[in-house]
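Visitor: Here it is, the structure, as structure tokens.
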Amino acid sequence: MTYILISDDSVSMRQMLKFTLAEANYQVTEANNGLTALELAKQQSYDLIITDVNMPQLDGLSLVRELRSLPEYQFKPILLLTTESDPEKKQEAKTAGATGWILKPFDPDKLLAAVRKVLR
Amino acid sequence: MAVDMTEVRQLFFEESSENLDVMESNLLDLEIGPINKELVNSIFRAAHSIKGGAGIFKFEQVVSFAHVAETLLDEMRKGEHLVTQPIIDLLLRAVDILRMMLSSLKENTECNWLEVGACQTRLKAFLKTPLEGESAYGELTMSGKFSPSPQSAPVKLPGPTSPLPAPTISSTPVATPRSLEVTALTPVAPTATSAMPVALTHTGAPLPVTPTEPTAALAETPAPAAPTNIEGWQIIFKPHLGMLKTGNDPINLFRELAGLGALEVKANTHQVPAFTDLTPHSCHLNWELMLHANVAKSVIEEIFEWVENECDLQITPLPILSAEDEEQTATTVNDELTLTTVDSDDDSMSSKRSLINFPPNFDGDETGVNEPLPNSPSAGNQLQSDRGDTKPLSPVSPVETPLLSTTESPAVTSSLHSLDPHPLEGPISPRGNSNQAPETGSSIRVGIDKVDSLINLVGELVITQSMLDQVGENFDHSKLSLLRDGLSQLERNTRELQESVMRIRMLPISYSFNRFPRLVHDLSVQLGKKVELKLSGVHTELDKTVLEKMSDPLVHLVRNALDHGIEMPEQRRETGKPEVGLLHLHAFHQGGNIIIQISDDGAGFNLARIRDKAIKQRLLNREDNPSEEQLYEFVFQPGFSTADQVSDLSGRGVGMDVVRRNIRSLGGTIEIQSKPGRGTTFNIRLPLTLAILDGQLVRVGTEIYILSLLSIMESLRVKPQLVNTLAGKAEVYKLRDEYIPILRLYELFDLVVHCTTQLEQGLLVIVEGDGQKIGLFVDELLSQQQIVIKSLESNFKQMQGISGATILGDGSVALILDVAGLIQLFHHKKKIPTLRSTFTLGVSA
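Line by line, the protein sequences give chains G and R. The opening position of the first sequence corresponds to residue 80 in my numbering, with each subsequent residue numbered one higher. The opening position of the second sequence corresponds to residue 4 in my numbering, with each subsequent residue numbered one higher.
Here you go:
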């Protein structure tokens with residue numbers, strides 16, 4: 080079983096992610112902000128974390144930094160959901176330690192393609 | 004993908020509406036001047052969420068619009084703008100536009116695209132930096148050529164700004180070394196602990212080539228057009244030492260590449276240090292890959308997109324080989340096949356629509372290769388792709404490759420979706436372009452604490468029940484006290500459970516109050532008045548239905564207060580009041596009721612004017628001397644307005660009667676307190692819930708009726724000397740200084756059996772409804788209890804004077820009396836005009 084943690088403050092976005100990933104037989108856990116995501120990630124080991132960038136409490140980039148500081152998530156794939164396509168933002172994501180990004184809007188196929196790209 | 008988008012779509016609309024509320028209230032909180040970063044951030048986030056969600060559903064216009072608004076907000080939070088009234092107003096306008104767009108999408112109705120375009124243009128005019136990459140969001144052409152239906156709107160395809168690079172192929176043969184230093188290639192895994200064999204291709208031999216059969220399939224594929232004379236690509240991939248630290252694993256990249264076509268992987272172990280110096284978490288390997296696939300360079304680049312800055316990457320095309328070579332190498336490929344053929348059926352990864360068509364055994368599980376350590380980089384596995392007889396692979400993967408390109412040009416896919424007349428259509432009812440959610444199928448959000456308390460109570464109920472069970476077994480007199488305890492516990496459980504269930508329907512009044520900051524802001528600007536709005540008791544909860552039905556009356560009262568109540572600044576200054584008027588909305592509990600107060604410190608009601616108007620409209624005689632309450636009563640008469648001029652907002656005289664009717668239909672009351680020059684307060688009293696009322700049981704003959712406790716002022720024994728008869732028609736009772744009409748219920752309901760007809764033998768219950776009092780003559784008062792209201796109208800026609808029925812403890816049915824209806828009925832029967840009667844009585848006293 081592959082466990083994926085998704086973190087987004089938008090319910091519809093979470094639903095969308097969850098439906099799509101669950102359909103592809105991934106085990107999905109939801110968090111509605113970065114802080115919750117971090118707590119959840121500490122409790123259980125996830126194979127992949129997908130997080131939004133703009134979130135209350137703890138934003139996506141800070142979440143990535145926090146996760147990378149944990150031994151468990153040093154090498155785990157972390158994908159950022161972002162609408163920004165400019166190179167600066169991408170570099171910021173990489174510097175924070177993100178594996179990659181998924182540009183919003185995306186369709187289910189695109190999401191799964193991105194997920195499969197980092198999960199074996 | 005059988006994802007149930009209808010539900011997500013519904014959720015998106017609910018959420019967006021909440022986000023718009025957040026934007027609106029935060030915008031109203033913004034103060035002119037420097038940026039309040041926190042507020043702007045939260046407005047930005049809300050806009051951003053809407054944009055993101057809209058993108059999922061291909062609501063291109065919403066995305067495009069939200070994008071412009073978001074860009075402006077982004078500039079604001081970067082401190083590039085000061086907060087000015089025009090910006091606030093414009094952003095508020097943008098909120099309205101978004102609301103309109105979303106509601107028209109939700110209800111599948113027309114949207115005023117001209118307004119959208121106008122607002123978007125105005126937003127753009129504010130931007131400091133011109134929008135870049137507009138095409139990425141399917142920018143609309145705003146030249147007024149909007150398509151009527153949002154779903155079939157033409158989306159301008161990205162023009163020359165398309166990020167897709169045209170594949171450039173150098174015609175000169177690339178001078179890359181055909182064979183690397185073979186001797187150096189030894190099977191070494193990046194981690195010392197995992198002994199992964201690195202399956203290397205034979206070296207020195209001519210490069211294996213695959214027949215270029217997929218070209219036929221490619222002809223059908225849209226952009227990016229693959230170069231036709233390309234045999235494949237050589238990729239030199241040298242990851243930086245730290246690449247693994249971002250969670251990128253080369254094997255995943257290779258797997259992606261292998262999905263495009265036959266792939267040869269050669270690992271270069273030159274850089275791998277001695278075992279003792281090895282850092283397991285650094286990537287010491289680099290690779291040379293040969294991809295035999297006729298794909299655009301951009302497709303390959305995209306696979307490496309995430310590691311672009313963490314590696315040295317060289318992608319060079321392989322020139323097409325001669326037919327002779329091809330034949331030769333084709334055999335070679337077949338000879339060196341080490342992997343089994345693809346069986347796409349039992350592989351979840353290679354579903355028809357998936358991008359990745361990858362042999363199942365590539366992950367190493369089935370070929371007996373040790374699974375790499377969880378966190379260790381597992382690059383350099385036996386990544387040698389096959390090509391020989393993998394027929395399912397070749398036609399599928401190239402055709403599917405364009406999917407990849409969609410990431411770069413969402414507008415392409417968007418436009419395709421836009422052509423679909425009914426994408427993701429939910430159950431949409433054709434309704435007007437309203438801001439209100441449809442009543443049917445509406446949902447309610449309940450706090451988890453409420454649900455928890457409910458579960459807790461049910462648990463207690465179960466305990467009580469089992470306790471009573473125990474008592475019931477072998478019951479004798481000694482257990483009587485236990486039974487009593489159990490029953491009282493049951494009663495408590497039931498009451499708590501009932502309250503708890505009721506609370507589920509309760510929503511804080513802030514749901515209704517929250518729209519007023521905006522309303523007051525807009526109105527005060529429009530009227531040129533200065534108004535401060537104060538909200539208090541916003542957490543007071545009331546029934547959802549009550550809340551929804553109170554919405555319009557409240558808006559009306561607030562409009563009235565602003566339009567007629569609060570004076571213009573100059574006028575206020577003259578009268579020694581502060582320029583800024585105060586409008587206060589206050590909600591609180593009182594007894595079993597919710598009280599909503601709307602008070603202003605404006606001019607107050609002009610009683611003389613009301614009187615004049617009433618006389619003019621022949622509602623009052625010149626010689627009458629009505630009380631204040633009676634004068635206020637005129638305000639609630641249809642068509643009664645004291646305003647000299649009919650304005651846009653109010654003054655047409657329709658309204659207050661509607662307001663009161665709405666409140667009454669909820670079982671509530673409204674009263675006015677006003678002091679000339681000091682202001683007006685409207686007190687609205689509403690029941691907590693519509694389903695249950697505190698009732699007083701009364702007996703008339705053998706019948707039992709129920710009166711709402713709230714309507715009862717007092718009950719008294721009749722002193723015969725205080726009863727007067729008026730013109731042989733009506734009886735009145737002198738209660739202190741008032742004359743109160745007596746209504747004999749047995750008479751009204753034609754009851755004959757065992758009824759007390761002598762006034763002094765029964766009781767008079769003084770009740771109030773519609774601001775009038777009446778004495779109901781009953782035989783006796785019984786108990787008070789909570790009554791569950793059952794509607795009669797579903798089975799019987801509506802009866803004046805009766806608001807419903809209930810089932811009593813003994814199973815009998817009792818009718819609930821509607822006091823206001825009874826009073827009307829009484830006046831009708833006695834042919835006494837409603838208002839005049841009381842005045843005349845008052846005067847004659």
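All C-beta atoms, glycine included, are put in the ideal place defined by N, C-alpha and C. Since the structure is predicted, the reported quantities are computational estimates derived from the model, not experimental observations.
(1) Would the beta-carbon of R/N255 fall within 7 Å of that of R/N271?
(2) If you measure between the beta carbons of R/N29 and R/I46, is that distance less than 7 Å?
(3) Count the other CB atoms, across all protein chains shown, that sit within 10 Å of the CB of G/M80; report buried if there are 16 or more and exposed otherwise.
(4) Decide if R/E184 is buried, meaning its Cβ has at least 16 other Cβ atoms within 10 Å, or exposed.
(5) Would you say R/S52 faces chain G, with C-beta separation under 7 Å as the test?
(6) R/S138 CB to nearest chain G CB: under 7 Å?
(7) So G/I157 contacts chain R; which residues on that side make the cut at Cβ distance below 9 Å?
(8) Contact defined as beta carbons within less than 8 Å: I believe R/A817 pairs with R/I707. What is the distance between those atoms, to the nearest angstrom?
(9) What in chain G is Cβ-close to R/I254, meaning under 9 Å?
(10) What are the residues of the segment 294–313 of chain R that lie near chain G, defined by any Cβ-Cβ distance shorter than 9 Å?
(11) Determine the burial state of R/K732: buried for a count of at least 16 other Cβ atoms within 10 Å of its Cβ, exposed for fewer.
(12) Inspect the CB distances between the segment 534–542 of chain R and the segment 551–560 of chain R and report whether three or more fall short of 8 Å.
(13) Answer with buried or exposed for R/E494, where buried requires no fewer than 16 other C-beta atoms within 10 angstroms of its C-beta.
(14) State buried or exposed for R/E41, treating a residue as buried only when at least 16 other CB atoms are found within 10 Å of its CB.
(15) For R/F780, list the residues DSSP reports as bridge partners.
(16) Is the Cβ-Cβ distance between R/V86 and R/L31 less than 7 Å?
(17) Out of R/W116, R/F240, R/E311, R/E259, which one is the CA nearest neighbour of R/H287?
(18) For R/D740, is the classification buried or exposed, using 16 other Cβ atoms within 10 angstroms of its Cβ as the cut-off for buried?
(19) Along chain R, which residues have their Cβ under 9 Å away from the Cβ of G/M80?
(20) Pull the bridge partners of R/T497 from the DSSP assignment, please.
(21) Which chain R residues are close to G/V90, counting only those with a beta carbon under 7 Å from its beta carbon?
(22) Any beta carbon from chain G within less than 7 Å of R/I745's own beta carbon?
(23) Is there contact between the segment 256–265 of chain R and the segment 298–309 of chain R, where contact requires at least three CB pairs shorter than 8 Å?
(24) Closer than 7 Å, CB to CB, is G/Q123 near chain R or not?
(25) What number of angstroms, rounded off, separates the C-alpha of R/K832 from the C-alpha of R/T760?
(26) Starting from R/P3, follow the beta strand (DSSP E) in both directions and report where the run begins and ends.
(27) So for R/G1, helix, strand or coil by DSSP?
(28) Check the Cβ of R/G58 against every Cβ in chain G and list those closer than 7 Å, keeping chain order.
(29) Which class does R/L244 belong to by DSSP, given the choice of helix, strand or coil?
(30) Can you give me the Cβ contacts of R/G607 inside the same chain, cut-off strictly under 8 Å, excluding the 5 residues immediately before and after it?
(31) Taking the alpha-carbon positions, what's the R/R80 to G/T115 distance?
(32) Which runs of the beta strand (DSSP E) at least 3 residues long sit entirely within the segment 575–600 of chain R? Give them in chain order.
(33) Please identify the residue among R/A265, R/D280, R/S456 whose C-alpha is closest to the C-alpha of R/V298.
(34) May I have the straight-line CA-CA distance separating R/F637 from R/V662, to the nearest angstrom?
(35) Go ahead and label R/I35 buried or exposed: buried means 16 or more other beta carbons lie within 10 angstroms of its beta carbon, across all protein chains shown.
(36) Buried or exposed, going by whether 16 or more other CB atoms sit within 10 Å of the CB of G/K167?
Guide: Once the coordinates are examined:
(1) Here residue 255 of chain R is taken as the residue at index 252 of the second sequence, counted from 1. Here residue 271 of chain R is taken as the residue at index 268 of the second sequence, counted from 1. Against a cut-off of 7 Å, the Cβ pair of R/N271 and R/N255 comes out as no contact.
(2) As a working mapping, residue 29 of chain R is identified with position 26 in the second sequence. As a working mapping, residue 46 of chain R is identified with position 43 in the second sequence. Against a cut-off of 7 Å, the Cβ pair of R/I46 and R/N29 comes out as a contact.
(3) Residue numbering aside, residue 80 of chain G sits at position 1 when the first sequence is read from its first letter. It counts as exposed.
(4) Here residue 184 of chain R corresponds to residue number 181 of the second sequence, with the count starting at 1. Per-residue confidence for R/E184 stands at a pLDDT of 39, beneath the threshold of 50, marking its modelled position as unreliable; the derived number appears in the next sentence. Burial call: exposed.
(5) The residue given as residue 52 of chain R occupies position 49 in the second sequence. Cβ-Cβ to chain G under 7 Å: yes for R/S52.
(6) Mapped onto the second sequence, residue 138 of chain R falls at position 135. Because the pLDDT of R/S138 is 40, which lies under 50, any placement of that residue in the model is unreliable, and the question is left without a value.
(7) Counting from 1 along the first sequence, the entry for residue 157 of chain G is found at position 78. Chain R residues near G/I157: T249, G250.
(8) Within the second sequence, residue 817 of chain R is the residue found at index 814, counting from 1. Within the second sequence, residue 707 of chain R is the residue found at index 704, counting from 1. Confirmed, about 5 Å.
(9) The sequence position of residue 254 of chain R within the second sequence is 251, counting from 1. What R/I254 touches in chain G: R199.
(10) I306, E308, W309, V310, E311, N312, E313
(11) Position 729 of the second sequence, counting from 1, holds the residue named residue 732 of chain R. Label assigned to R/K732: exposed.
(12) no
(13) Along the second sequence, read from residue 1 onward, the residue named residue 494 of chain R stands at position 491. Flag for R/E494 reads exposed.
(14) The residue given as residue 41 of chain R occupies position 38 in the second sequence. Exposed: under 16 other Cβ atoms inside 10 Å.
(15) The sequence position of residue 780 of chain R within the second sequence is 777, counting from 1. DSSP lists R/R747, R/L767 as partners of R/F780.
(16) Here residue 86 of chain R refers to the residue found at position 83 when the second sequence is read from its first residue. Here residue 31 of chain R refers to the residue found at position 28 when the second sequence is read from its first residue. Result no, Cβ atoms of R/V86 and R/L31 do not sit closer than 7 Å.
(17) In the second sequence, residue 287 of chain R corresponds to position 284, counting from 1. Ranking R/W116, R/F240, R/E311, R/E259 by Cα distance to R/H287 puts R/F240 first.
(18) Within the second sequence, numbered from 1, the residue matching residue 740 of chain R stands at position 737. Label assigned to R/D740: exposed.
(19) Indexing the first sequence from 1 puts residue 80 of chain G at position 1. What G/M80 touches in chain R: nothing, since even the nearest Cβ is about 13 Å away.
(20) Taking the second sequence and counting its residues from 1, the one referred to as residue 497 of chain R is at position 494. Answer by DSSP bridge pairing: none, since R/T497 is not bridged.
(21) Residue 90 of chain G sits at position 11 when you count from the first residue of the first sequence. The contacting residues are L14, E18.
(22) Position 742 of the second sequence holds residue 745 of chain R. False, the Cβ-Cβ gap to chain G never drops below 7 Å.
(23) yes
(24) Looking up residue 123 of chain G in the first sequence gives position 44. G/Q123 does not count as touching chain R.
(25) The count along the second sequence starts at 1 and reaches residue 832 of chain R at position 829. The count along the second sequence starts at 1 and reaches residue 760 of chain R at position 757. R/K832 and R/T760: Cα-Cα distance of roughly 19 Å.
(26) Residue 3 of chain R is absent from the model: chain R starts at 4 and stops at 848.
(27) Missing from the structure shown is residue 1 of chain R; chain R here goes from 4 to 848 and no further.
(28) Position 55 of the second sequence holds residue 58 of chain R. Result: K183, P184.
(29) Along the second sequence, one-based indexing puts residue 244 of chain R at 241. R/L244: helix per DSSP, three-state reduction.
(30) Position 604 of the second sequence holds residue 607 of chain R. Within the same chain, R/G607 has close Cβ partners G568, S677, K678, P679, G680, R681, G682, T683.
(31) On the second sequence, position 77 is the one that residue 80 of chain R refers to. On the first sequence, position 36 is the one that residue 115 of chain G refers to. About 25 Å.
(32) 584–593
(33) Numbered from its first residue, the second sequence carries residue 298 of chain R at position 295. R/V298 has its Cα closest to that of R/A265, out of R/A265, R/D280, R/S456.
(34) Position 634 of the second sequence holds residue 637 of chain R. Position 659 of the second sequence holds residue 662 of chain R. Taking the straight line from one Cα to the other gives about 13 Å.
(35) Taking the second sequence and counting its residues from 1, the one referred to as residue 35 of chain R is at position 32. Exposed.
(36) Translated into the one-based positions of the first sequence, residue 167 of chain G becomes position 88. At residue 167 of chain G the sequence reads Glu, which differs from the Lys that was named. Classification of G/E167: exposed, given that the 10 Å Cβ count is below 16.
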